[in-house]
Amino acid sequence: MKVHHISATTLCPLSKRLVNGTGSAFERGHMVCHCWVVESSSGLILVDTGVGRDDLNDVNRRLGLWFRVVVGVDPHSDNTAIGAIERMGFDPMDVRHVIPTHLDLDHAGGLPDFPWAEVHVFRPEYEAALHPPTHRESMRYRPPHWAHQPKWDVRDVEGDGWFGFRGVRALDSESDVLLIPLQGHTRGHCGVAVRTPEGWLLHAGDAYFNQAEMRDPPSCTPGLRLFQRIAAIDNELRLENQDRLRHLVREHGGEVTVHSAHCPREYEALRKPPGEAMAPERAQARAPRA
Ligand SMILES: [Zn+2]
């Protein structure tokens, strides 16, 4: 399976210094919405959808004022998943499956751009998004993203094992595409793994935010550390899953390449054409540690 790395869209959160660890605290930071377009025998699979076309046309109404002010969409960016797919020369109708790592507004925004596709989610995520049990969750999930009534495929969190992770579900038609439970950030957050000719690739969504969190010892910029703590629905479980991911990188970094949804450095390392690309975690393993 071939995986294309796209960003749908570019975010510019408050305080570059606190978020990216460089620049001024008073300028806007830089983050991506790292998604995959996977070429498979059953058509295209879109992993995470980022921000959608309708969202970009009306950020305040679709995503909310707090999102525009605190997280921010780069005004110079018009990149969406459907736009990237068209630019690559694919027909968007060939997107047969969508696997959002979770249904937060910056991951599910592109769902309305692919109303014909089957959308695969874990049941706790589906229930929390469509029937938010807390006020906080009613803020992070946006009903316009499923007003078109997607073709949901809701999975229970149970299944096989994969490199020490449990409850793993395979996409029925593609046994080399796996949903990996990585709860904590949200109730049904998942990672998505695909087997490529170069080895396994794992999209860890918002299970972590900064590539340095996968190092040993881990580190993170203060802004992202605070944001993750505040955004987590179960912080203990989030930290347990980060430990599992670090273990995976440490013990199986030669077989599995791991990246998160918003880290621009991981995205830049992976989006390059094959041959030039160096997987972020492998790149770290080779680089001398400061
Ligand atoms: Zn996110």
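With my numbering, letter number 280 in the sequence shown gets 280, and the count goes up by one each step, no holes. Built from N, CA and C at the ideal position, the CB exists for glycine as well. Being a predicted model, the structure only gives us computed values, none of them experimental.
- Using a Cβ distance threshold of 8 Å, Thr101 and His4 do not count as a contacting pair.
- Residue range 53-57 is occupied by the alpha helix (DSSP H) that includes Asp55, with no beta strand (DSSP E) assigned at that position.
- Look at Asp104: its beta carbon is less than 7 Å from one of the heavy atoms in ligand 1.
- Annotation: Lys272 is outside any alpha helix (DSSP H) and is labelled neither H nor E by DSSP.
- Relative to the Cα of Glu125, the nearest Cα in the group Ser41, Asp48, Asp104 belongs to Asp104.
- Counting along the chain, the unbroken alpha helix (DSSP H) around Arg229 starts and ends at 222-231.
- Val249: member of the alpha helix (DSSP H) spanning 235-252, first to last residue.
- Sequence-distant Cβ neighbours of Glu137 in its own chain, meaning closer than 6 Å and more than five residues away, are Ala128.
- With a threshold of 16 other beta carbon atoms within 10 Å, Ala25 falls short and is exposed.
- His120 sits close to Leu171, with the two beta carbons spaced by under 8 Å.
- Using a cutoff of 7 Å, the CB of His107 counts as near ligand 1, since one of the ligand's heavy atoms is closer than that.
- Within 7 Å of the C-beta of Asp55 there is not a single heavy atom belonging to ligand 1.
- Going by DSSP, Ala212 is part of no alpha helix (DSSP H) at all; its letter is neither H nor E.
- In chain order, Gly29, His30, Thr221 place their CB closer than 7 Å to the CB of Asn20, counting only its own chain and leaving out the 5 sequence neighbours on each side.
- For Arg17, the secondary structure class from DSSP, reduced to helix, strand or coil, is helix.
- Cβ-Cβ distances below 7 Å link Trp116 to Met93 in the same chain, with the five nearest sequence neighbours on each side left out; the list follows chain order.
- Here DSSP, grouped into helix, strand and coil, assigns Phe165 to strand.
- Val157 sits in coil when the DSSP states are folded into three classes, being neither helix nor strand.
- Between Leu239 and Gln183, the gap from beta carbon to beta carbon reaches 8 Å or more.
- Shown here, Ser77 sits in coil according to DSSP, grouped into three states, outside any helix or strand.
- Around Ala212, the same chain offers Pro218, Ser219, Cys220 as residues with beta carbons nearer than 7 Å, after the five sequence neighbours per side are excluded.
- Your pair Leu179 and Ile233 does not check out as a contact, with CB atoms roughly 18 Å apart and the cut at 8 Å.
- Annotation for Leu46: no alpha helix (DSSP H) segment contains it, though the beta strand (DSSP E) segment containing it runs 43-47.
- When DSSP reads this structure, Trp152 sits in a beta bridge with Val119.
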